[in-house]
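Here is the structure we will look at.
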Amino acid sequence: MRILLAEDDALLGDGLRAGLRQLGFLVDWVRDGEAAERELRAQSYEAAVLDLGLPRKDGLDVLAAIRRAGIATPVLVLTARDAVPDRIRGLDVGADDYVVKPVDLHELAARLRALVRRAHGQPQECLSAQDVVLDPAARSVRQAGEPVTLSTREFDLLQAFMLSANRVLSREQLEQQLYSWGREVESNAVEVHIHNLRRKLGTALIHTVRGVGYMLVRDAPKS
Amino acid sequence: MIQLPRSLQGRLLVMVLTVVVGVWLVTAVMTWFDVSHELDELLDGHLAQAAALLVVQQAQEIEDDDRGIDAPTLHRYAPKVAFQVFHEDRLALRSANASIAPMVGANKDFKNGFDTLQIDGATWRVFAAEGAERDVQVYVGEQMSSRDSILWAVLRSTLWPMAMALPLLAVALWWAVYRGVSPIRRLGRALAERQALALNPVRLDDAPSEMAPMVDALNGLFERIGTLLESERRFTADAAHELRTPIAAIRVQAQVALGEADDAQRQHALLSTLDGCDRATRLVEQLLTLSRLEASAVPVMAAVDLSALAQQVVADLAAKSVGKKQTLEFEATQPCLIPGNETLLTVLVRNLVDNAVRYSPPSARIKVAVERQDGQVVLSVEDSGPGLAEAERLRLGERFFRVMGSLESGSGLGWSIVRRIAAVHQLDIQVDLSAALGGLAVRVIAQAGARAA
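Written out as structure tokens, the structure is:
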């Protein structure tokens, strides 16, 4: 899952980036409000962690601006301002969650996963399609009850597919989900990972839609 | 000195009643003298008139008989009035209460005019008159006590109503004063009923104009307290914010270190944890310095050599500057003594030089100088860093103000401390752009103290 982290404090930002990466997130880190707004407008993130006291543009202003622009990316506000009026204002402006520093890394990750799940209309903790079950917290995949071993990229790709089950995803959208900044995307990387997924999970799960992209089919085709 | 009652109402009542009774007494005394004088004139006139009648009558009745005749008593005051008529030194006529001896008392030559005499143990006012041929001598006397009775009667009729009115007056005054001071009581109630932290202005709709300055002063005080509380509240919130961020960083970095398999990454996270601890420590120290500065009275002052002090600070910070490949210069040609507290001045200079080192980019030039100018000692810290916009320069010293976009960690308390120490030492601080180096130039100007030896 690719998320945007907007935090001006070097030490905290560095720690959050490293910690969330450990927990399986792809993290892009910006250190001021203007950059945060620019990235949220330009890229599609599964979620964003937004500090409020950002230089150049306050976090709440960034939030209000992207909501006005119709960007629905789930936003978790991470702040030291804990007064109830601050929380209310944050949620009213368009925050999906409000967490006061200091925060436990695992809790933050769980909250982000919950935000993403909700944004995709997925009520359960685990994502499932046909006989495949994906557990985002444990980062594990089972097919018909048997564990399946996937690489990090394959897991991220499958998770992106399962979150948007029955919807066609373009190659560019999938690439955005797979790579944070500064990582070179090989021209056929997505194809290679999809090939591997089909090899491990069977060909019935992910379909190719010619000229558009790929689609994960949630229910097994009637035979 | 009489102890007045503590209540305003009691005081007003006592003072007004005292003044009223005093005025009445003075009036009574003046009435006494006036009435007694008028009474004397009038009654003396009557005596003289009666004597004149008796003289004339006796002159015509000489032929009648020479025996003393007692005149009848006709009025209840008559016993107090007496007369004697002598014809050729023989008693010709007298009132019943008059003695046979002439009413001359001790004044043996008394023949004409008024005199006040002691006769038979009583005080008499006597008028004596002689006939034209000096053969008739008339004395008409009146007891003084009768005059006093009249005088007392007059005074009684004047003073009695006043004495009777006094309790009524006291009650009326009590009521009037009670009504008069009611705005003060209402103000007291309004203040007593306020919440401890209610700082909205007091409103008294029909407060008398005398109370307006008091209410205004009170509201002014509430406003000042409100501003102070607001700034304290903001300070607490800001301090919480500034403390939470390094703590959050420490926690997150520690969790990263726990979960990291890669040795180099774990090492990095652990070092970052230590960084966070250092930052939190510095922040707490700065907060403590600031709170001590704000709480304490004037610190102990002595003559401090600013040149030597600045040199020591520059020496302490040289390593840090060299680490950033900056050029840190120091220039002071002579000792410059100023009155001050050495510890505090060191904190001030350290903050300024540390800021210059911290916020100037690598390879920047930083120049610290102490010099004398027109009887003043000037410490200047200049750098070739990015400088600050005018608006930002003005905000330096606001607690927790940090320059936007600065990636250097800092609490935003350094300048608050600098300003506070400067205020305690009555130092003038100028923040400008450096003409020589292009970055920020801070000048601390002090009045020179004792001449250097």
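These protein sequence lines map, in sequence, to chains A and B.
When the letters of the first sequence are read in order and numbered with my numbering, they come out as residues 1341 to 1563.
When the letters of the second sequence are read in order and numbered with my numbering, they come out as residues 2 to 454.
Idealized CB from N, CA, C, for every residue including glycine.
{"Query": "Nearest chain A C-beta to B/S273 closer than 9 Å, yes or no?", "Result": "yes"}
{"Query": "Give the DSSP-derived three-state secondary structure of A/V1508 in the structure shown.", "Result": "strand"}
{"Query": "Taking Cβ-Cβ distances shorter than 7 Å, what residues in chain A pair up with B/D276?", "Result": "L1351"}
{"Query": "Distance cutoff 9 Å, beta carbons only. Does A/A1478 sit that close to anything in chain B?", "Result": "no"}
{"Query": "Using a Cβ-Cβ cutoff of 9 Å, what residues of the region 233 to 252 of chain B are near chain E? List them in chain order.", "Result": "Reference to chain E is not applicable here, since the protein chains of this structure are A and B."}
{"Query": "Flag A/R1451 as yes if its beta-carbon sits less than 9 Å from any beta-carbon of chain B, otherwise no.", "Result": "no"}
{"Query": "Consult DSSP for B/V253 and reduce its assignment to one of helix, strand or coil.", "Result": "helix"}
{"Query": "Roughly how many angstroms lie between the CA atoms of A/D1348 and B/A436, to the nearest whole one?", "Result": "32 Å"}
{"Query": "Do you know whose CA, among B/Y360, B/S322, B/E343, B/R373, lies nearest B/A333's CA?", "Result": "B/R373"}
{"Query": "Just to make sure I have the definition right: I need the residues of chain B whose C-beta is within less than 9 Å of the C-beta of A/V1572. Which are they?", "Result": "With chain A running from 1341 to 1563 in the structure shown, residue 1572 of chain A is simply not present."}
{"Query": "Does DSSP put B/G227 in a helix, a strand or coil?", "Result": "helix"}
{"Query": "State yes or no: is the C-beta of A/A1505 within less than 9 Å of the C-beta of A/A1469?", "Result": "yes"}
{"Query": "With 8 Å as the limit, tell me which residues of the region 295 to 316 of chain B have their beta carbon closer than that to any beta carbon of chain A; keep them in chain order.", "Result": "none"}
{"Query": "Of the residues that make up the region 319 to 353 of chain B, which ones have a beta carbon closer than 8 Å to any beta carbon in chain A?", "Result": "none"}
{"Query": "List the residues of chain A that B/V257 touches, going by C-beta distances under 8 Å, in chain order.", "Result": "G1355, A1358, G1359, Q1362, L1445"}
{"Query": "Measuring only between beta-carbons, confirm whether A/R1427 sits less than 9 Å from chain B.", "Result": "no"}
{"Query": "A/V1415: which of A/V1424, A/L1541, A/R1453 sits nearest, CA to CA?", "Result": "A/R1453"}
{"Query": "Would B/L43 be called buried (16 or more neighbouring beta carbons within 10 Å of its own) or exposed?", "Result": "exposed"}
{"Query": "Given a threshold of 16 other Cβ atoms within 10 Å of its Cβ, counted over all protein chains shown, does A/F1501 qualify as buried or as exposed?", "Result": "buried"}
{"Query": "Just to make sure I have the definition right: I need the residues of chain A whose C-beta is within less than 9 Å of the C-beta of B/G189. Which are they?", "Result": "Simply none; closest approach about 35 Å."}
{"Query": "Determine the chain B residues that contact A/R1421 at a beta-carbon separation under 7 Å, and present them in chain order.", "Result": "H242"}
{"Query": "Quick one: using the 10 Å Cβ neighbour count with 16 as the cut-off for buried, is B/R452 buried or exposed?", "Result": "A caution first: B/R452 carries a pLDDT of 44, below 50, which makes its placement in the model too unreliable to give a value."}
{"Query": "For B/A258, tell me which candidate among A/L1509, A/L1445, A/V1549 has the shortest Cα-Cα distance.", "Result": "A/L1445"}
{"Query": "Once DSSP output is grouped into helix, strand and coil, what is the label at B/Q431?", "Result": "strand"}
{"Query": "So which residues of chain A does B/E211 contact, with C-beta pairs closer than 8 Å?", "Result": "Near B/E211 there are no residues of chain A at all, since even the closest Cβ is about 42 Å away, more than 8 Å."}
{"Query": "Using a Cβ-Cβ cut-off of less than 8 Å, give me the residues of the region 1382 to 1393 of chain A that come near chain B, in sequence order.", "Result": "G1393"}
{"Query": "Tell whether a beta-carbon distance below 9 Å holds between B/Q59 and B/L92.", "Result": "no"}
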